[in-house]
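Trainee:
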Amino acid sequence: MGLSSFASKPIEDVVAANPQTFFQLYWAGTREQIAARIERARVAGAVGMIVTLDWSFSHSRDWGSPKIPEKMDLRTAVRFLPEALVRPKWFLDWTRTGGPPDLTVPNMTPLGESAPTFFGAYGEWMQTPPATWEDLRWLREQWQGPFMLKGVMRVDDARRAVDAGFTAISVSNHGGNNLDGTPASIRALPAIAEAVGDDIEVLLDGGIRRGGDVVKALALGARAVMIGRAYLWGLAAAGQPGVENVLDIMRAGIDSAMLGLGRASTSELIADDVLIPPGFARVLGATEPLSSRE
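Following this line, the structure appears as structure tokens:
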């Protein structure tokens, strides 16, 4: 499980509940600040690190964005009160949590210091120049355990991640969050898996909505997939039971797809299990021919 730097719960609490927690780091602030976050994650007991590079700042979205409150003050409470009143059971469960959320991001500061608001941390990230490959090599030196580079869509970048010493990459465009014309991550996956799959663990992130999507990704070369929105939908709807239901649906979908393919194990999946139409796969940034292109 990955815990974001922007999460609302301290990493110490999350690791206590799930010792198999990776800390998902965003490149924000100075190297000293970033190193302090890594050290806090190490002391807390995180088992791995993820650096997210596929989220870039967007000044605005032409389709608009929901208004997100910066803090839970009286004005915000009054604004959301009608929604709470029409969901009495949800509202009752919420009142049992011990108080309103403070809408801060506690993992962006050293333990014991005042946590910034989400927009305070977002502003720091927004003003930080993007990481260079020199920065990423330095970052890798700060953490000797499992370390994933999230946001790879090009073959040449995948090879650079191997050279920099990362143990895994995630083929991801952050769900097209900022550049919606970017090719889907699954279209970039086959070429990347072919190029570096023997040297580094390749994961896929983005577009996983059902168990069949997982099977497709594994057949095309991914070692595993990451899900985000799917479990969040379950969490928002029904809390822990909602998340468990999402995972049950995912697992059932995987079983059904495997049965339909006549495969007893995901280790048996091959690319021929997926029909890839001409022009579907995108080979971005290849510096040498791939066998699939010859």
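For the sequence shown, counting from 1, position 47 maps to 63 in the working numbering; every step adds exactly one. Where a beta carbon is used, it is the ideal one built from N, C-alpha and C, also for glycine.
Assign residue 256 to buried or exposed, taking buried as 16 or more other Cβ atoms, counted over all protein chains shown, within 10 Å of its Cβ.
Mentor: exposed
Trainee: Between the C-alpha atoms of residue 239 and residue 224, what's the straight-line distance to the nearest angstrom?
Mentor: Whole-angstrom Cα-Cα distance: 14 Å.
Trainee: Secondary structure at residue 133, three-state DSSP: helix, strand or coil?
Mentor: Looking at residue 133 - three-state DSSP - the assignment turns out to be strand.
Trainee: Do residue 241 and residue 220 have their CB atoms nearer than 7 Å?
Mentor: yes
Trainee: Give me the Cα-Cα distance between residue 197 and residue 189, rounded to the nearest whole angstrom.
Mentor: 10 Å
Trainee: Look at the alpha carbon of residue 143 and the alpha carbon of residue 130, and state the distance between them as a whole number of angstroms.
Mentor: 20 Å
Trainee: Just the Cα atoms here: how many angstroms apart are residue 157 and residue 177?
Mentor: Taking the CA atoms as reference points, residue 157 sits about 13 Å from residue 177.
Trainee: With residue 40 as the anchor, note down where its beta strand (DSSP E) starts and where it stops.
Mentor: Its beta strand (DSSP E) spans residues 38-42.
Trainee: Could you tell me which of 258, 272 and 155 sits nearest to residue 230, measuring between CA atoms?
Mentor: 272
Trainee: Could you say which of 205, 259, 306 and 194 lies nearest to residue 296 if we only look at CA atoms?
Mentor: 205
Trainee: Roughly how many angstroms lie between the CA atoms of residue 254 and residue 117, to the nearest whole one?
Mentor: 18 Å
Trainee: Based on the DSSP output, what are the partners of residue 166 in its beta bridges?
Mentor: 68 and 186
Trainee: Have a look at residue 179 and residue 37 and give me their C-alpha separation to the nearest angstrom.
Mentor: 25 Å
Trainee: Kindly indicate which three-state DSSP category residue 55 falls into: helix, strand or coil?
Mentor: helix
Trainee: Could you tell me whether the Cβ atoms of residue 301 and residue 170 are closer together than 7 Å?
Mentor: Yes, they are a contact pair.
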